[in-house]
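S.K.:
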Ligand SMILES: [Zn+2]
C-alpha cells in the first residue's frame, strides 16, 4: 500500500470551513433536493457527510481513506460520492469522478480523484481495487503519472544539456506510447530554459475534434535544424525551416538551402515567395491523397517528392519561378499542379 502521508499538503487554516459545511449539510438534509429520497439510506448520507467534512477541513489522507473504504462497493460508492460533491465543501480540494457506462449501459465508477486546486495534483483511488496513485495535470487536462513525470524530467535534462542523440532516442521511445507522449512533451516544454535544445510539437485535429500529436521536432538553438520524429511511425528525418522560419514549412537540408537563397533574393527584390506546402510525412500524403483524389493531382503515398522534403508548392509561382530556377529548382510545369517545384541536386 502506498504511504499516503508522504503527499499530505500542509494546511494553515484546517478548521475554518467546518461550520460552513455543517450548515450546508443540514440544509441539504431538510430540503427537497433529489438527494433526499425516502429510500435514501441514512448510512449513505452520513458517509457522504463524513467525506465532505474531511474535504472541507482539507484533510487529504483522511479523505482518501474514506474513499478507499467506499470504493470496495463501486456502485454504492458512486451514490455517496455524488452526494459529497453536492455538499460542495469549501476546500482546497475538489472531488472528481471518472465513470463509464458498463455493458448494461449503467454508469460505472472507474476512479475517484481528489484534485488539489493549487498544485493541479490528482490523488487517485481506483474503484474496485482501492489502489492509490498520484498524477499531475500538465495543462489542457492531460495527466501524467509520477513514473512518467520522472521519465519526462530525464528527457528535459537531456534537452537542456544538448544531448541530441539521447534525446532523440527518448522521443522515439515515447512515440510508442502516444497516450503518454503528448502530456510528457507538453510538460517538458514548460521546463525549457531557452538555451538548450527545444521541442516543437506538431498536432493534428481529428474529425471528432481530438488533438493528436503528429510530429515532434527537436530544434537546435544554433542552426535551427529540426530533428523530426514522426509519432505515428517513429521515423526520423532531419529537416530545416524555410521562408520566414517561424512557420512549420521545412525541407531536406540541401533543398532548404537552395530554397532559402531564392527566398532571400526575392525578398531583397520586394517579392515574398508564398509557400503553400513543403515536407509531408507519409501519413500526411496518405490523408491528402484520400481527401483530394479526383479533385486535384496528388501523388500516391510513398511516391511524392514532398515526402523526401525535396518539393515545395508556391502560391505565386509565376513571379517566384525565376528566383527558384536560378538556385537549381526545377519547375515541371504540371498542367494541374503549376505551383509545384522540385529539387534534384
Ligand atoms: Zn507539390
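In my numbering, the protein residues as written are 97 to 441. Glycine residues also receive a C-beta, built at the ideal position from the N, C-alpha and C atoms. What you are looking at is a predicted structure, and each value in this text was computed from that prediction instead of being measured.
Restricting to Cα atoms, I'd like to know which of 258, 311 and 180 is closest to residue 282.
M.R.: Nearest option by C-alpha distance: 311.
S.K.: Would you mind sorting residue 175 into buried or exposed? The rule is 16 or more other CB atoms within 10 Å of its CB.
M.R.: It is buried - the Cβ of residue 175 has at least 16 other Cβ atoms within 10 Å.
S.K.: So, helix, strand or coil for residue 435, using DSSP?
M.R.: Of the three classes helix, strand and coil, the one that applies to residue 435 here is coil, per DSSP.
S.K.: Taking DSSP as the reference, what is the three-state secondary structure of residue 308?
M.R.: In this structure, residue 308 counts as strand in the three-state DSSP scheme.
S.K.: Quick check: what's the CA-CA separation for residue 105 versus residue 155?
M.R.: At residue 105, the pLDDT of 39 sits below 50, so the modelled position is not reliable; the number obtained from the coordinates is stated separately. Taking the straight line from one Cα to the other gives about 9 angstroms.
S.K.: If we call anything under 9 angstroms between Cβ atoms a contact, is residue 206 one with residue 196?
M.R.: Yes, Cβ-Cβ distance for residue 206 and residue 196 is below 9 angstroms.
S.K.: What would DSSP say about residue 423, mapped onto helix, strand or coil?
M.R.: Here residue 423 sits in coil by DSSP.
S.K.: Measuring only from the beta carbon, is residue 435 closer than 8 angstroms to any heavy atom that is part of ligand 1?
M.R.: Because some heavy atom of ligand 1 lies under 8 angstroms away, the Cβ of residue 435 counts as near it: yes.
S.K.: For the region 352-402, which segments carrying the alpha helix (DSSP H) assignment without a break, of at least 4 residues, lie completely within its bounds, in sequence order?
M.R.: Those alpha helix (DSSP H) runs which fall completely within the region 352-402 and span 4+ residues are 378-388.
S.K.: Taking 8 angstroms as the line, does the beta carbon of residue 326 fall inside it for any heavy atom of ligand 3?
M.R.: Among the ligands present in this structure, namely ligand 1, ligand 3 is not found.
S.K.: Which residues in the same chain have their Cβ closer than 8 angstroms to the Cβ of residue 289, if we skip the five residues on either side of it in sequence?
M.R.: So the list reads 256, once near-sequence residues are dropped.
S.K.: Please identify the residue among 432, 433 and 426 whose C-alpha is closest to the C-alpha of residue 441.
M.R.: That would be 426, whose Cα lies nearest to the Cα of residue 441.
S.K.: Identify which residue in 314, 437, 287 and 421 has its Cα closest to the Cα of residue 447.
M.R.: For the chain, the structure presents residues 97 to 441; residue 447 sits outside this window and is missing.
S.K.: Is residue 344 close to ligand 1? I mean its beta-carbon at under 8 angstroms from any heavy atom of the ligand.
M.R.: No, Cβ of residue 344 sits at least 8 angstroms from all heavy atoms of ligand 1.
S.K.: Use the C-beta contact count for residue 212: other C-beta atoms within 10 angstroms, 16 or more gives buried, fewer gives exposed.
M.R.: Answer is buried; the Cβ neighbour count reaches 16.
S.K.: Of all the options 251, 204, 238 and 190, which has the alpha carbon lying nearest to the alpha carbon of residue 266?
M.R.: It is 251.
S.K.: Determine whether the beta carbon atoms of residue 336 and residue 353 lie at a separation below 9 angstroms.
M.R.: The answer is yes: Cβ separation under 9 angstroms.
S.K.: Comparing alpha-carbon positions, which option in 243, 217, 216 and 204 lies nearest residue 224?
M.R.: The residue with the shortest Cα to Cα distance from residue 224 is 204.
S.K.: Against chain C, does residue 319 count as a neighbour if the rule is that its beta carbon must be under 9 angstroms from one of theirs?
M.R.: Reference to chain C is not applicable here, since this structure consists of a single protein chain.
S.K.: Skipping 5 residues on each side, what residues in its chain have a beta carbon closer than 6 angstroms to that of residue 424?
M.R.: Here the set comprises 354 and 441.
S.K.: Heavy atom of ligand 1 less than 8 angstroms from the Cβ of residue 380, yes or no?
M.R.: The answer is no for residue 380.
S.K.: Let me check one thing: in DSSP terms, what residues is residue 341 bridge-paired to?
M.R.: Looking at the DSSP assignment, residue 341 forms no beta bridge with any residue, so it has no partner.
S.K.: Is residue 327 near ligand 1, going by C-beta to nearest heavy atom under 8 angstroms?
M.R.: No, since every heavy atom of ligand 1 falls outside the 8 angstroms radius drawn around the Cβ of residue 327.
S.K.: How should residue 403 be labelled, buried or exposed, when 16 other C-beta atoms within 10 angstroms of its C-beta is the threshold for buried?
M.R.: It is buried - the Cβ of residue 403 has at least 16 other Cβ atoms within 10 Å.
S.K.: Hey, out of 268, 279, 360 and 272, whose CA is closest to residue 324's CA?
M.R.: The candidate whose alpha carbon is nearest that of residue 324 is 268.
S.K.: Taking the Cβ atom as the reference point for each residue, do residue 153 and residue 180 lie within a distance shorter than 9 angstroms?
M.R.: The answer is no: Cβ separation not under 9 angstroms.
S.K.: Do residue 407 and ligand 1 come close, with the Cβ less than 8 angstroms from some heavy atom?
M.R.: Result yes, Cβ under 8 angstroms from ligand 1.
S.K.: Just reading off the beta strand (DSSP E) that residue 299 is part of, what are its end residues?
M.R.: Unbroken beta strand (DSSP E) run through residue 299: 294-301.
S.K.: So residue 164 and residue 210 are in contact, right, with Cβ under 8 angstroms, and what is the actual spacing, rounded?
M.R.: About 11 angstroms separates the two Cβ atoms, so there is no contact after all.
S.K.: Just to confirm my understanding: we take residue 110, look at its own chain, exclude 5 residues before and 5 after, and list those with CB closer than 8 angstroms. What are they?
M.R.: Residue confidence is low: residue 110 scores 37 on pLDDT, short of 50, so the model does not pin down where it sits. Its coordinate-derived value is still stated next. If we look at residue 110 and ignore the five residues flanking it on each side, its Cβ neighbours are 153, 154 and 155.
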